[in-house]
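Student: The sequence shown begins at 59 in this note's numbering and counts up one residue at a time. The C-beta atom is built at its ideal place from N, Cα and C for all residues, glycine as well.
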Amino acid sequence: MELVKQFDEMLKEYIRPLSFPVAVKLLKSGEDFPQKARNLKQTYGHPLALCQSIAIVRKYGWTVGIGKGDNACGPSLAYLGCMPYTEKQKEGGIVYPLYAKTLEAGKRTEEAAARLEEGTFERIILAPLSKAEFEPDVVLVYVNPGQAARLIQGANYVEGGYVGAKATGRAACISEIASTYKTQVCNITIPGAGEKVFAMTADDEIIFSAPYCKLADIIEGVTATHKSGIGRYPWPIGGLKASPAMPDCYKFLQVMAGLEEE
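Listed below in C-alpha cells is the structure:
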C-alpha cells in the first residue's frame, strides 16, 4: 500500500489531474468488497454502466463495488470475464452495424479487442487511489494530452520502448482495463461513445492506465524527467522568453519608454 500512496503523491505533485485517479480491483469468486464500498444500484435505484461508475469514483471520491446486476453495460461484463462472451459477439454482431460497415469488419474489430477469460472474475471494486484499501490491478488516470505526455515519459524511462494506444471509439473498458491487465503494460485510451454519452467524459480527456507492476517505474521516471528539466507540467513554454513584437501604433510609446529608437 505504500507504493500506492507514493504513486498518488507523485500524481498530485507532478501531473495534477483534475479528477481522482481510480484504483481498479477485479475480484474472483468469494472475494469480498471493502466494508465502505457503495452499491450505486441501491443508491440510485437502477444499475449504472461501468464507465458511469468510474466517473462517479473520480468525480465524487466514492469507493464503489460492482457485483452481479449492478453493471448496466453487458458488453463490459463479457470483456472483463464476468459473464460469457457469446458467439454473436465473436462474429461481430454487436459492432455491426453501429460501428462497422459489414459483419466481417465488426468481427475483425472484436478479434482485435482484449478480453479476459470467462469466469476469471465476478465483481469489480473502484476507489479513488488515495482511499484504496486494496492493491489495485490497474490504475486509471484521466488526463489531458499534456499530462499524458509526462506519464508516458515516466513509463518509458526505466525500460525504454513506447506506450501504445488501442482505440476503437467504443468500449473504453477494453483497453483501459482488460488490455492493461492482460498485457501488464501501460496504455493510452481515447474515450469512446459510452464514456462520452453516459459518463460525460470531456473532449480533452484521455485515459492513461497502468498495471500495478509498473507503478514504481512510473514514479521513478516522472520524478527523474522532472528533475532533469526535459519534461514538466505545466509545460514550460519557450515563447515566454521571446522579445514581444508590438504593433506599429505603439511605436511612440515604446520610444517614450526608452524601449525603441526613433
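Classify Tyr200: buried if its beta carbon has 16 or more other beta carbons within 10 angstroms, exposed otherwise.
Tutor: Label assigned to Tyr200: buried.
Student: Using only the alpha-carbon positions, how far apart do Arg290 and Gly279 sit?
Tutor: In a straight line, the C-alpha of Arg290 is about 12 Å away from that of Gly279.
Student: With which residues is Ile264 paired in a DSSP beta bridge?
Tutor: Ile264 is bridged to Val201.
Student: Spatial neighbours of Phe91 within its chain, please: CB distance less than 8 Å, with the 5 preceding and 5 following residues excluded, ordered by chain position.
Tutor: Excluding sequence neighbours, Phe91 sits near Leu85, Gly123, Gly125, Arg181, Ile183.
Student: Assuming the contact rule is C-beta atoms closer than 8 Å, Val255 and Ala81 should be a hit. Round their C-beta distance to whole Å, please.
Tutor: Their Cβ separation, rounded to whole angstroms, is 25 Å, which puts Val255 and Ala81 out of contact at 8 Å.
Student: Determine contact between the segment 136–150 and the segment 168–182, defined as no fewer than three beta-carbon pairs at a distance below 8 Å.
Tutor: Taking 8 Å as the limit for Cβ pairs, the verdict is that the segment 168–182 does touch the segment 136–150.
Student: Please list, in chain order, all residues of the same chain as Gln211 whose beta carbon is under 6 Å from its beta carbon, the five residues on each side excluded.
Tutor: These residues qualify, in order along the chain: Thr283, Gly289.
Student: Report the option in Val115, Lys148, Leu108, Gly150 whose CA atom is closest to the CA atom of Thr130.
Tutor: Looking at the sequence shown, residue 130 is not Thr but Ala. Ranking the options by Cα distance to Ala130, first place goes to Leu108.
Student: Which class does Gly133 belong to by DSSP, given the choice of helix, strand or coil?
Tutor: Inspection of the sequence shows that residue 133 is occupied by Pro rather than by Gly. Pro133 falls in the helix class under three-state DSSP.
Student: List the whole-angstrom C-beta distance separating Cys244 from Val221, where the pair is believed to meet the contact cut-off of C-beta under 8 Å.
Tutor: Indeed, because the Cβ distance is near 5 Å, the residues count as touching under 8 Å.
Student: Quick check on this structure: which residue in Ser267, Glu320, Pro249, Met314 has the alpha carbon closest to the alpha carbon of Gln110?
Tutor: Among Ser267, Glu320, Pro249, Met314, the Cα nearest to that of Gln110 is on Pro249.
Student: Might you give, ordered along the chain, the residues of its own chain that have their beta carbon closer than 6 Å to the beta carbon of Ala230, omitting 5 neighbours on each side?
Tutor: The answer, listed in chain order, is Thr247, Pro249, Gly250, Glu253.
Student: List the whole-angstrom C-beta distance separating Lys240 from Leu174, where the pair is believed to meet the contact cut-off of C-beta under 8 Å.
Tutor: Sure, about 6 Å apart at Cβ, within 8 Å.
Student: Starting from Val122, trace the beta strand (DSSP E) both ways and give me its first and last residue.
Tutor: It spans 122–124 - the beta strand (DSSP E) in which Val122 sits, taken as one unbroken run.
Student: In this structure, what does DSSP give as the bridge partners for Val82?
Tutor: For Val82, which the question treats as bridged, DSSP gives the partners Leu184, Val196.
Student: From this set, Ile114, Met59, Arg208, Pro186, which residue's C-alpha is nearest Ile73's C-alpha?
Tutor: Of the candidates Ile114, Met59, Arg208, Pro186, the one whose C-alpha sits nearest the C-alpha of Ile73 is Arg208.
Student: Output the distance between the C-alpha atoms of Glu193 and Leu187, rounded to the nearest integer angstrom.
Tutor: When rounded, the distance between both Cα atoms is 10 Å.
Student: Note down the Cα distance separating Gln242 from Cys271, rounded to an integer number of angstroms.
Tutor: Cα to Cα, Gln242 sits roughly 7 Å from Cys271.
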